[in-house]
Amino acid sequence: MDDSRLIKAVIDIGTNTFNLLIAEKLDIGITVIESHKVAVSLGMGGINEGYLTKDAMNRAMRAFEVFREKLLPYDVKPVLIATSAVRDAKNAKSFVDIVKEEFGWGIDVISGDQEAQLIYRGVTLCFPFNEHAMIMDIGGGSTEFIEADQNGVISAISLNIGVSRLYQGFSVQDPFTLEDIDQIENFLEENSDGFFDEMQVDTLIGSSGTFETFYELIYRKPFPEGNEVLELELKPFEQSLDTLIHSTLEERNKNEFIIPIRKKMAPFAAVKTRWVMRKLKPKKVILSPFSLKEGALV
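Under our numbering, the first residue of the sequence shown is numbered 49, with each subsequent residue one higher.
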């Protein structure tokens, strides 16, 4: 390995998924060397009560062991960033202390506002914001919305309406009934702080793995690697959301384009995304391959 290269690593400790990014930092932007994800479900069993379960922390330790092996060839100490599940957990300090003791890694537990800023920074690496746009980053614990244009961020908010919270907070039928959908949409309305009132944008930018799943469901092929944004065709996108909302768990279990951790939660993500689409009325939908971890790395 060329010692002159500036290699950095970031571990994004998400509520559902942990992501490891190893990249070369350039004067402008980054070059991705390796990227790995592990489904951990850190928020499962306790996020709505404000704690991390013992089983969830054990799964996290196993994920960190996998990442430690991936990092060995690079001799680089990763930056660890924890989001919704950890920042809202009463026992977050125990988790942070265990990771420090076992791996020698400190964890930066960031606020929702900091999370939104890092997501924006990541998306700017591949999208120029020459138009009025809204970033939507669907997480397990929270969902971030960042309104921006060529002059920078206009407004941003982090809302505790993540798919893991919804999945654990609602008792629903399989498939969703109209009453189930109404309950979820009413919850979104009540917990969005009026952020979407009277707001419309030209472009919605999806910047999370969930949007990659939407892409794969529409086009029946893997989400492409790289740093180029992709535009979704509006009508097929809206149709795929409706199909997902009304799908059964058995149908999703058989669908190769829905990764295991999303099979149970995907209809909640679809209801939320459709609700946002109806609120914002965007003229186009863009997918960004970069998000929080890329923003943190630069």
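Glycine included, every Cβ here is placed at the ideal spot set by N, Cα and C. Being a predicted model, the structure only gives us computed values, none of them experimental.
For this session: Give the DSSP-derived three-state secondary structure of Phe193 in the structure shown.
Result: Walking along the sequence shown from the start, residue 193 turns up at place 145. Residue state, collapsed to three classes: strand.
Exercise. So, helix, strand or coil for Val249, using DSSP?
Worked result: In the sequence shown, counting from the first residue as 1, residue 249 sits at position 201. Reduced to three states, the DSSP call for Val249 is coil.
Exercise. CA-CA distance, Lys280 and Asn64?
Worked result: As a working mapping, residue 280 is identified with position 232 in the sequence shown. As a working mapping, residue 64 is identified with position 16 in the sequence shown. Note on identity: in this sequence residue 280 is Leu, with Lys being the wrong assignment. Looking at the two C-alpha atoms, the distance is approximately 25 Å.
For this session: Output the distance between the C-alpha atoms of Gly62 and Asp245, rounded to the nearest integer angstrom.
Result: For the purposes of this step, residue 62 is taken as the residue at position 14 of the sequence shown. For the purposes of this step, residue 245 is taken as the residue at position 197 of the sequence shown. About 28 Å.
Exercise. Alpha carbon to alpha carbon, what distance is there between Phe271 and Glu260?
Worked result: For the purposes of this step, residue 260 is taken as the residue at position 212 of the sequence shown. For the purposes of this step, residue 271 is taken as the residue at position 223 of the sequence shown. So the two alpha carbons sit approximately 6 Å from each other.
For this session: Look at the Cβ atom of Leu252, then the Cβ atom of Val147, and state whether they are nearer than 7 Å.
Result: For this step, residue 252 is matched to residue 204 along the sequence shown. For this step, residue 147 is matched to residue 99 along the sequence shown. For Leu252 and Val147, no; Cβs fall outside 7 Å.
For this session: Starting from Gly254, follow its DSSP beta bridges and name the residues at the other end.
Result: What you label residue 254 is simply residue 206 of the sequence shown in a count that begins at 1. In DSSP, Gly254 forms a bridge with Met184 and Leu335.
For this session: Pair every Cβ in the segment 179 to 195 with every Cβ in the segment 315 to 330, then say whether three or more of these pairs are closer than 8 Å.
Result: yes
Problem set entry | Backbone secondary structure at Ala314 - three-state DSSP | Locating residue 314 in the sequence shown gives position 266, where the first residue counts as 1. Of the three classes helix, strand and coil, the one that applies to Ala314 here is helix, per DSSP.
Problem set entry | Contact set for Asp250: own chain, Cβ-Cβ below 6 Å, skip 5 residues either direction | Position 202 of the sequence shown holds residue 250. So the qualifying residues of the chain are Glu179, His180 and Lys331.
Exercise. From Ile55 to Ala140, what does the alpha carbon distance come to, in whole angstroms?
Worked result: The residue you call residue 55 lines up with position 7 of the sequence shown. The residue you call residue 140 lines up with position 92 of the sequence shown. Approximately 29 Å between the Cα atoms of the pair.
Problem set entry | Gly217: first and last residue of the uninterrupted beta strand (DSSP E) it sits in | Within the sequence shown, numbered from 1, the residue matching residue 217 stands at position 169. It is not in any beta strand (DSSP E) - Gly217 instead sits in the alpha helix (DSSP H) that spans Val211 to Gly217.
Exercise. Run through DSSP, which three-state label would Val220 get?
Worked result: Locating residue 220 in the sequence shown gives position 172, counting from the first residue. The answer is coil: DSSP assigns Val220 none of H, G, I, E or B.
Problem set entry | Those residues which DSSP pairs with Leu68 across a bridge | Within the sequence shown, numbered from 1, the residue matching residue 68 stands at position 20. Ile59 and His84, per the DSSP bridge assignment.
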